[in-house]
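Numbering of the sequence shown is given in the numbering used here, commencing with residue 19 and proceeding in unit increments.
Each remark here refers to the structure printed beneath this line.
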Amino acid sequence: MRLLGIALAFMLSAPWLAACDDDAVSQARRQTLIIGKASGLSTIDPGATVMAYNFAPMSLSYERLLRFAVADGSPTGAVEGELAESWRLDDDGKSWLFTLKQNHRFDDGSLVTAAAVRFSFLRTLRLGLGPAQALSGLEDVEAIDARTVRFRLAAPSPIFPLILALPPMVVINPTVLAHQKGDDLARAWLSEHTAGSGPYRVASWERGQRIVLKPNPYAAETPRYFQKIVLKTVKDNASRRLLLERGDIDIFEGVTPDMADKVAQMSGVALFERPTPVIVALAMNTTRAPFTDIRVRQAISLAIDRRAIASGVVHGHASLVNGVLPAGIPGHDPDLPEVRRDLSAARALLKEAGIAPGMEFTLSYVPASATVDSTALAIQNQLADAGLKIRLETLAPSAFAKVLAGDFDLTLSNWSADFPDPWPIMQFAYHSSNAGEGYNLSRYANAEVDGLLARAEHTMDAAERTALYEQAQRIVMAEEPMVNLFAVHGLLAYRADVRGLLYNAWQPGIYNVESMYRGDDAP
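Shown next as structure tokens:
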């Protein structure tokens, strides 16, 4: 009789136990943030990558000395301390002194010290990979005491604090050297593991599938709500969109302009959209005739209808760029007139330059997306109206080397600023030293512009520096080595119950998950 009573009691309690399990699963899911990513990651070693698709786990697992202040989805141009309590420029104009905050700890419990800062930056320089290029002016890093570190530069640099806020400029636990193989500075180990002081740390990684992050128990800023982050690779856009609609992922990266309006209409979904400094441009080879003739370059500029491309190809999810610098960057002039299409003027300039109707040129580009293909096709059609025959040549990424070597007529360029400053755009897109592989794709060279950029790079006075960039911009605009077509908008879709998101459209893939929460569950 007692056994029967036990069995009966168990059967009666089973539904209640199942309900408890369901509640536990539901709560675990609510406290898990799942981000659907368009591509897998290649490495999470901060010293070895400048690719934005690798930044998410790095930004959550590590801390930088400084971070960008963000307002309404865009950086303000100011920086704020993350590991740094204070910082100042020494009187020599070439040394920056930082004092660290107290009690920031790596995920093994050890303190973040000035020695760790020194190790991290010297490691990046020794690796000599992409992130090291941003530190080319750094001569030495000195740990003065446990909380004080000095950076010595070769020359004054007004953008050095902004460079320190870039995603790869993190502080790594020096104990990673225990995993060193040969002289790789633990690169093999750090490509798949983290050793930082951020709010999370990488718990597991199934390459091509998912990365799972869980809280760092020693973090100074512990997660407010989400106890687990899953970065899930779903390469197909349609599949990623379906997962978002069903609630199987919380954030949908890689929203394309053609699907943005449909995604915005989904029930329970919000769409983030902000302008970015990512500019799509048509670059003309200024070292190859007839593009050495400014009249030909001006004619091509006048023959292109930028507004039609922005509204048609990008479905309105883009902004026009009147000038060289996009909005949000010092030196941008919002009063510059829009370049309107003028076929009559374009044909007249071509005739004056001796370009006969029907002359053929080649537009070489990498078909990275449907938007790129559509942009190339629109340019082909619009230049045909001016009497130019444009042959489209699609290239594999590896074959783009011919463009970098200068073997092309026209090409599509895609470049950006990592932070709100003229330097990344003006220096890389227009300084003659960066022709070709330095990403001055038009191979533009002007000694006066080079001189202005060199002065601006080391001028500490903000007003004087902006004036130098404005002067250089006016020269570039007059000579038109490139046609700026549009600045793309940053698009991100997410479940509407995800709250507290402070997204930076200039640095896609980086999230403030530690302060985010779901629905009305604000702790």
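Note that the Cβ used here is the ideal one computed from N, Cα and C, for glycine as well.
Since the structure is predicted, the reported quantities are computational estimates derived from the model, not experimental observations.
Count the other CB atoms within 10 Å of the CB of N121; is the residue buried (16 or more) or exposed (fewer)? Exposed is the call here.
Assigned exposure category for T240 - 16 Cβ within 10 Å defines buried: exposed
According to DSSP, simplified to helix, strand and coil, what is G346? coil
On a Cα-Cα basis, can you pick out the residue from S57, G65, R85 and R483 that is closest to Y529? R85
Alpha helix (DSSP H) segment containing V281, residue limits: P275 to A282
For D108, collect the residues of the same chain with a Cβ closer than 7 Å to its Cβ; drop the 5 residues on either side in sequence, then sort them by chain order. L115
Taking all protein chains shown into account, do 16 or more other C-beta atoms lie within 10 angstroms of the C-beta of S104, making it buried, or fewer, making it exposed? exposed
Cβ neighbours of A237 in the same chain (closer than 6 Å, five flanking residues each side left out): These residues qualify, in order along the chain: P217.
Could you check whether the region 267-285 touches the region 252-259, counting it as contact only if at least three pairs of C-beta atoms, one from each stretch, sit closer than 8 Å? yes
Sufficient close CB pairs (3 or more, under 8 Å) joining the region 60-67 to the region 204-219: yes
So, for G454: in the same chain, excluding its five sequence neighbours on each side, which residues have a beta-carbon less than 8 Å away from its beta-carbon? For G454, where only same-chain residues beyond five positions count, the Cβ hits under 8 Å are L422, A423, G424 and R461.
Rounded Cβ spacing between V430 and T393 (contact assumed at less than 8 Å): Note that residue 430 corresponds to Leu in the displayed sequence, not to Val. The Cβ separation is near 7 Å, so the contact holds.
Collapsed DSSP secondary structure at H476 in the structure displayed: coil
Alpha carbons only, please: which of S387, R82, L401 and D538 is nearest the one belonging to A317? Answer by Cα proximity: L401.
Presumed contact (8 Å Cβ cut-off) between V159 and L140, rounded CB distance: About 6 Å; that satisfies the 8 Å criterion.
With distances taken Cα to Cα, identify the nearest neighbour of K119 among G518, A164, L320 and L143. K119 has its Cα closest to that of A164, out of G518, A164, L320 and L143.
Tell me which residue opens and which closes the alpha helix (DSSP H) that L413 is part of. Per DSSP, L413 belongs to no alpha helix (DSSP H) and is neither H nor E.
Helix, strand or coil at S57 according to DSSP, with G and I counted as helix: coil
Taking only runs of the alpha helix (DSSP H) that begin and end inside the region 209-266, which ones reach a length of at least 4 residues, in chain order? 255-264
Roughly how many angstroms separate the alpha carbons of V220 and K55, rounded to a whole number? Using only the alpha carbons, I get a separation of about 16 Å.
Short of 8 Å in beta carbon distance, which residues of its chain neighbour A480, apart from the five on each side in sequence? Order them along the chain. P176 and P348
Decide if the region 502-521 is in contact with the region 476-490; the criterion is three or more beta carbon pairs, one per stretch, under 8 Å apart. no
Suppose only complete runs of 3+ residues qualify. What are the beta strand (DSSP E) ranges in the region 64-102, listed by chain order? 84-89 and 92-99
Can you tell me whether G600 is buried or exposed, with buried defined as 16 or more other CB within 10 angstroms of its CB? Because residue 600 is not part of the residues shown, which for the chain are 19 to 541, the question remains open.
If we ignore side chains and look at the alpha-carbon of each, how far apart do R228 and L249 end up? 5 Å
Can you tell me which of the three DSSP states F169 falls into? strand
Report buried or exposed for Q445, applying the criterion of at least 16 other Cβ atoms within 10 angstroms of its Cβ. buried
Range of the contiguous beta strand (DSSP E) that encloses T429: L428 to W433
So what does DSSP say about H197, is it helix, strand or coil? helix
One question on the structure: do A364 and N502 come within less than 8 Å of each other, judged by their Cβ atoms? no
Does the structure place the region 285-293 close enough to the region 308-326 that three or more beta carbon pairs sit under 8 Å? No, the region 308-326 does not touch the region 285-293.
Can you tell me whether DSSP reads L381 as helix, strand or coil? L381 sits in a strand when the DSSP states are folded into three classes.
If we ignore side chains and look at the alpha-carbon of each, how far apart do S451 and T310 end up? 18 Å
8 Å Cβ shell around P308 - same chain, five flanking residues per side excluded: V314, A371, G372 and I373
Rounded to a whole number of angstroms, what is the C-alpha to C-alpha distance between V130 and D439? Roughly 30 Å separates the two Cα atoms.
N-terminal and C-terminal residue of the alpha helix (DSSP H) that F139 is part of: A132 to L145
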